[in-house]
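S.K.: When we follow full-length UniProt numbering, the leftmost residue of the sequence shown carries the number 1, and every step to the right adds one. Virtual Cβ for every residue (Gly too), placed ideally from N, Cα, C. Dropping the structure in here first, questions after.
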Amino acid sequence: MDAQGATRELSPTLKRPQEQTELEDPSSAKRVKVASEATMEVNIAEAQHSGEELPKESSEPAQDAPKPSTGDLKSKGKKKEKTADRRGRRGTRNAETERPRDPDTPKEPRLPKRQCALLMGFCGAGYNGMQIQTEQGIKTIEGVLFNALVKIGAVSKDNADNPTKVNLGRAARTDAGVHAAGNLVSMKVITAIPGVDDFVGRVNEELPPEIRLWGVVRAQNSFNARTSCDSRKYTYYFPSYLMIPPKPGSGLSEALRRNGSEVPSHPFWTELEADSTPENDLRAKRAFRVTPEQVQALRETAKKFEGTHNFHNFTVGRDFSDRSTQRHMKRIDIADPVVYGDTEWISVLFHGQSFMLHQRKMMSALVLTCRTGTPPQIIEELYGPRMVFIPKMPALGLLLEYPIFDTYNRRIAIVNEKLQPTDDDYRPPIDFEIHREAIDQFKQEHIYTRMRSIEDREAVFDAWIRSIDTYSGNDLLYLNSKAVIPPNAVIKKGERRPDPFRERKRFDSTTFTTGGKDTATVEEQESEEEEEVTLNKAQLADLEG
């Protein structure tokens with residue numbers, strides 16, 4: 001997640017490499033390739049027939065690409081077959097029901113494709129993330145959208161087997177189960193479809209209710225959803241009872257006390273009976289209402305995230321020296337608490353240029369700092385070279401609001417000054433706000449209501465905060481009244497920590513089946529320590545949004 005600071009915008013050339021490679025027209029590329037192969041084979045044959053010596057290959061590497069050897073030429077057929085197999089397993093159509101086209105059957109008329117920006121929103125529950133997958137049976141948001149576009153004729157049958165043929169890309173990649181009120185897909189689509197007067201309405205007829213297409217905008221041919229995106233907005237929701245300080249005598253409270261830091265007392269715990277059960281604690285927590293002073297503490301601490309900082313401690317698999325950990329947060333806004341049902345909720349809006357993997361750790365640092373009475377300056381310490389452990393907040397509260405394309409919109413505005421909206425070269429700006437009413441209604445019906453019902457039923461946030469408070473090791477000792485990172489809280493590469501904090505898998509999920517375990521029983525057996533550190537830099541970059 002990102003935030004504020006002195007607003008500076010990067011030119012497209014300074015941004016991360018685009019997520020997918022834009023391909024040139026496949027048919028033209030294929031013709032060039034075949035022609036070059038045929039020419040080489042003829043030259044080899046002529047040389048062998050005449051007895052001439054074949055020219056020796058230069059020891060210097062070619063400027064563009066290495067020339068294929070004759071061995072490579074012999075294996076090209078196999079490579080093409082493997083590529084075709086991979087494309088056939090994309091999962092958007094049943095490969096077993098595909099039949100080869102009758103050569104005597106005339107091809108359907110080719111309709112022009114246009115580079116477009118598709119503005120959409122979705123509830124990610126039950127989906128394996130945003131990005132389309134090649135394996136059969138993996139349900140993704142893009143896969144369902146692509147199928148709908150194929151059904152209405154926006155993607156031709158010739159291109160329906162492989163989304164790379166239409167330059168499919170996305171502005172923000174979301175993990176499994178994560179929701180988005182707004183996200184954007186860029187691709188070449190057929191917008192003038194015979195018999196389809198309402199493109200958006202027709203696509204939505206083919207989509208399930210948890211996925212909605214807000215609009216389609218004709219874009220410049222060079223437009224790419226990821227590289228053209230200037231910034232993104234995320235919102236995180238959490239129950240205000242997370243602001244209650246650790247229970248006296250709990251593992252975290254005792255660990256901080258041994259380290260010389262007293263956890264602030266709170267009347268919430270003095271009003272409960274000493275032998276109160278977790279069920280009774282939970283009922284009391286849901287009746288808790290945060291004070292204005294606590295909200296102000298959140299806002300003051302959140303300001304420490306704004307600007308450009310080194311967020312190596314707020315992700316995984318990155319070192320302090322890694323330049324990619326420098327991220328710019330434009331602004332962080334914390335709304336006034338709102339009560340839904342029995343529980344009071346707080347929303348935090350993050351606006352940043354880009355977000356690293358697992359930057360839910362920012363929310364965790366924000367909440368844990370405030371509830372333990374740690375001064376806001378600890379956030380600045382976490383930007384330093386020392387590595388510490390910051391747990392992730394539950395994925396349940398995370399929502400992608402929408403990506404922003406200010407630089408692209410300014411560029412096309414200059415071009416549009418000399419044009420009329422009816423001109424063929426006119427390109428409308430990309431703006432999610434014109435769909436605000438529909439987006440807000442969708443969020444209430446498909447995201448917020450579901451999020452709150454899961455918390456009411458499963459008590460996910462209560463389970464998470466109790467997993468924090470029962471921990472008595474050294475990993476969280478930077479939560480102290482002096483805002484310093486003690487040596488025993490520093491993680492050193494190659495050294496095992498005596499009692500590392502172990503995160504539970506359930507807190508990375510946003511899908512919970514009904515009729516499961518008692519919601520107050522959180523001491524589950526299965527746990528895990530951070531495991532994403534095994535990913536390489538390319539994989540980590542691909543997982544960022």
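Hey, could you find the ends of the alpha helix (DSSP H) K442 is sitting in?
M.R.: In the sequence as presented, Lys is not what sits at residue 442; that position holds Phe. Per DSSP, the continuous alpha helix (DSSP H) segment holding F442 begins and ends at 436-442.
S.K.: Hey, how far is the Cα of E205 from the Cα of T227?
M.R.: 30 angstroms
S.K.: I need the straight-line Cα distance from K443 to R258, nearest angstrom please.
M.R.: 45 angstroms
S.K.: Comparing alpha-carbon positions, which option in G124, R331, L252, A302 lies nearest G177?
M.R.: G124
S.K.: Should the stretch 232-247 be regarded as contacting the stretch 459-471, the criterion being three or more beta carbon pairs within less than 8 angstroms?
M.R.: Segments in contact, yes.
S.K.: Alpha carbon to alpha carbon, how far is T164 from L23? Give it in angstroms, no decimals.
M.R.: Any reading at L23 needs caution, since the residue's pLDDT is 34, under 50, leaving its predicted position unreliable; the model's value is listed next. Going by the C-alpha atoms only, they are around 7 angstroms apart.
S.K.: Taking the alpha carbon of P391 as the reference point, which residue from G249, E306, D475, R202 has its own alpha carbon closest?
M.R.: D475
S.K.: Compare the beta carbon distance of A225 and I439 with 8 angstroms and say whether it is the shorter of the two.
M.R.: No; because the gap between Cβ atoms is not below 8 angstroms, this pair is not in contact.
S.K.: Tell me, please, which residues DSSP counts as bridged to S347.
M.R.: DSSP, once it has assigned bridges, lists Y237 as partnering S347.
S.K.: I'd like the span of the alpha helix (DSSP H) that includes M362, first residue to last.
M.R.: 360-371
S.K.: Between the Cα of Y426 and those of Y478, A255, N221, spot the shortest distance and give me the residue it belongs to.
M.R.: Considering only alpha carbons, the answer is N221.
S.K.: Using 10 angstroms around the beta-carbon of N480, count the other beta-carbons present and answer buried if the total reaches 16, otherwise exposed.
M.R.: buried
S.K.: Any idea what DSSP makes of T325, helix, strand or coil?
M.R.: helix
S.K.: At a cut of 8 angstroms, does the stretch 206-215 reach the stretch 428-438 through at least three beta carbon pairs?
M.R.: yes
S.K.: Does DSSP put Y383 in a helix, in a strand, or in coil?
M.R.: coil
S.K.: Give the straight-line distance between the Cα atoms of D431 and D469, rounded to the nearest whole angstrom.
M.R.: 43 angstroms
S.K.: Let me know the secondary structure DSSP gives K285 once reduced to three states.
M.R.: helix
S.K.: Does the distance from the C-beta atom of C370 to that of L298 stay below 8 angstroms?
M.R.: By the CB criterion at 8 angstroms, C370 and L298 fall inside the cutoff.
S.K.: Exposed or buried, which one is I404 when buried takes at least 16 other CB atoms within 10 Å?
M.R.: buried
S.K.: Taking a contact to mean a Cβ-Cβ separation below 8 angstroms, would you say I346 touches L399 in this structure?
M.R.: no
S.K.: CA-CA distance, I141 and N128?
M.R.: Each residue's alpha carbon lies about 8 angstroms from the other.
S.K.: From P248 to Y471, what distance separates their C-alpha atoms?
M.R.: 13 angstroms
S.K.: So, at 8 angstroms on beta carbons, what are the nonlocal neighbours of L272 in its own chain, with the 5 sequence-adjacent residues on each side left out?
M.R.: Spatial neighbours of L272 in its own chain (CB-CB distance under 8 angstroms, excluding positions within 5 residues in sequence) are listed in chain order as N280, D281, A284.
S.K.: According to the neighbour-count rule (16 or more other Cβ atoms, all chains shown, within 10 Å of its Cβ), is T372 buried or exposed?
M.R.: buried
S.K.: Under three-state DSSP, which class holds E273?
M.R.: coil
S.K.: So, does the stretch 377-393 touch the stretch 353-364, judging by three or more C-beta pairs under 8 angstroms?
M.R.: yes
S.K.: If you measure between the beta carbons of S231 and P337, is that distance less than 8 angstroms?
M.R.: no
S.K.: State the DSSP-derived secondary structure class of P61, mapped to helix, strand or coil.
M.R.: Unreliable placement is indicated for P61, whose pLDDT of 39 sits below 50; no coordinate value is reported for it.
S.K.: Is it right to say P264 is buried, meaning 16 or more other beta carbons lie within 10 angstroms of its own, or is it exposed?
M.R.: exposed
S.K.: On the premise that G143 lies in contact with I152, defined as a C-beta separation below 8 angstroms, what is that separation, rounded to the nearest angstrom?
M.R.: Beta-carbon to beta-carbon, I152 and G143 are separated by about 16 angstroms, too far to satisfy the 8 angstroms threshold.
S.K.: Between N310, M329, I332, A483, which has its C-alpha nearest D322's C-alpha?
M.R.: Distances from the alpha-carbon of D322 to those of N310, M329, I332, A483 put N310 closest.
S.K.: Please report the residue range of the alpha helix (DSSP H) in which R114 lies.
M.R.: Note, R114: premise wrong, no alpha helix (DSSP H); beta strand (DSSP E) at 114-122.
S.K.: Name the residue from T134, N488, D158, E300 whose alpha carbon lies nearest to the alpha carbon of V388.
M.R.: Taking only the C-alpha atoms, the option nearest V388 is N488.
S.K.: Which partner residues does D158 have in the DSSP bridge list?
M.R.: The partner list for D158 (beta bridge, DSSP) is empty, contrary to what the question assumes.
S.K.: Could you have a look at H312 and say whether DSSP puts it in helix, strand or coil?
M.R.: helix
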